[in-house]
Amino acid sequence: MELLNLEKTKEGKYIMKIDASLIKESACERKLWYMLFRGLRKRNSNHKMEYGTAVHKALESYYTDNDKDKAINAAIDHYADVLVPDKDFRDLAHLVNLLTQYFKVDTGLEVKRDPDPLLEMRFAYPYRQTEKLDVLFCGTIDFVGTYFGRPVIVDHKSTAAYNTSSYFAAYKVSPQLMFYNMIWNTLFPDDYIGCMINGIFLGRSNKNKFERSEIFEFSKDRLVKFKAYVDDLVDRLVAKFDEHSDDLDKEPESIFLSNFASCETRFGLCSFSPLCTANNKDDRQSIIEMDYVRKVYDPLQFQL
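Residue numbers for the sequence shown follow the numbering used here, so the first one is -17 and each next one is one higher.
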């Protein structure tokens, strides 16, 4: 059985797409094996992620032409058929009320146009080529523009977090924002820009809050160290990919090792914990067939 689930070039080389989400999960190589190389994800979609995607679609529409009704309809089209647990407040009415409230707020954000609005900007930057692999740095930048006149890369975040200051503080060391800043500086070395979070804080009974973070400006030294880590990560992944492809009889789980110190996340156990605790590879494969789907990991598409 072919375990790898990666796109290929016309020449037959595999394409490995690295994005900020993978870097964030890089403490566990086994997780990267399942996410990136095998393209596994839980079969049941997550309504919280679907809610966030609906918000993103609405904001992309709104900042394109300032048509509020059109933006709300874009969110409804995405979220209308999503199954929401009975006790969860994130229903369709909450989504509509949230967006209606947001559109009344002066966020200070102005999208840049060149000439089209710089929204949901997808990038695929060639990073490395080997005999077997093309490695790309990929991602989607939500918004490029200004915040009260200052140039910024903006990432929209919808969250049920209560403490806004502690939520924003975590982004001072965000791999996602540093990754975006690193790519931007590579492509546009003379175009200095900061990063910020457009926070959409969900509340029960529609007590929602809309706040922006400070503008995060990463020093050259910080970005040099971050790039060194990313370089090392890619080196390790390429080496382990080569080890797997050179010996297909060797169990991949013995190459991509689990970091059991990272199984617990702030959202609960890692979604791949049932695979890491399976008794043997046959049990593991049975769990995959029952609880997971295979889909090429593509950061340039909405991944749910």
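Glycine residues also receive a C-beta, built at the ideal position from the N, C-alpha and C atoms.
Beta-ladder partner(s) of residue i, from DSSP
i	result
Arg218	Its beta-bridge partners do not exist; DSSP assigns none.
Gly250	Thr247
Val87	Answer is none; Val87 lacks a bridge partner.
Tyr(-4)	Lys(-10) and Leu115
Leu22	Arg276
Pro133	Thr128
Ile175	For Ile175, which the question treats as bridged, DSSP gives no partner whatsoever.
Lys139	Gly181
Thr122	Arg104
Glu92	Thr128
Assigned exposure category for residue i - 16 Cβ within 10 Å defines buried
i	result
Tyr287	The requested residue 287 does not occur in the structure, where the chain is confined to residues -17 to 286.
Met315	Because the chain spans -17 through 286 in this model, residue 315 falls outside it and cannot be assessed.
Thr35	buried
Asp116	buried
Asp137	buried
Asn180	buried
Gly316	Absent from the structure is residue 316, since the part of the chain shown begins at -17 and ends at 286.
Ser8	buried
Tyr144	exposed
Glu271	exposed
Lys191	exposed
Lys(-8)	exposed
Leu22	buried
Asp157	The amino acid at residue 157 is misidentified as Asp; the sequence shows Pro. Buried: at least 16 other Cβ atoms inside 10 Å.
Asp1	buried
Pro67	exposed
Ala40	buried
Arg290	No answer is possible for residue 290: the residues shown for the chain start at -17 and end at 286.
Val134	buried
Arg72	buried
Backbone secondary structure at residue i - three-state DSSP
i	result
Ser268	helix
Pro99	strand
Val155	helix
Ile5	helix
Ser27	coil
Pro108	strand
Glu196	coil
Val212	helix
Ile237	coil
Lys191	strand
Leu(-15)	coil
Glu259	For the sequence presented, residue 259 should be read as Thr rather than Glu. Residue state, collapsed to three classes: coil.
Leu81	helix
Ser43	helix
Pro281	coil
Asn48	coil
CB of residue i within 8 Å of CB of residue j, strictly
i	j	result
Ala56	Leu77	no
Ser253	Cys245	no
Thr70	His29	As written in the sequence, residue 70 is Asp, which differs from the Thr given in the question. A contact, by the Cβ cut-off of 8 Å.
Leu(-12)	Ala106	no
Ser240	Cys258	yes
Lys209	Glu233	no
Thr128	Glu102	no
Ile5	Val278	no
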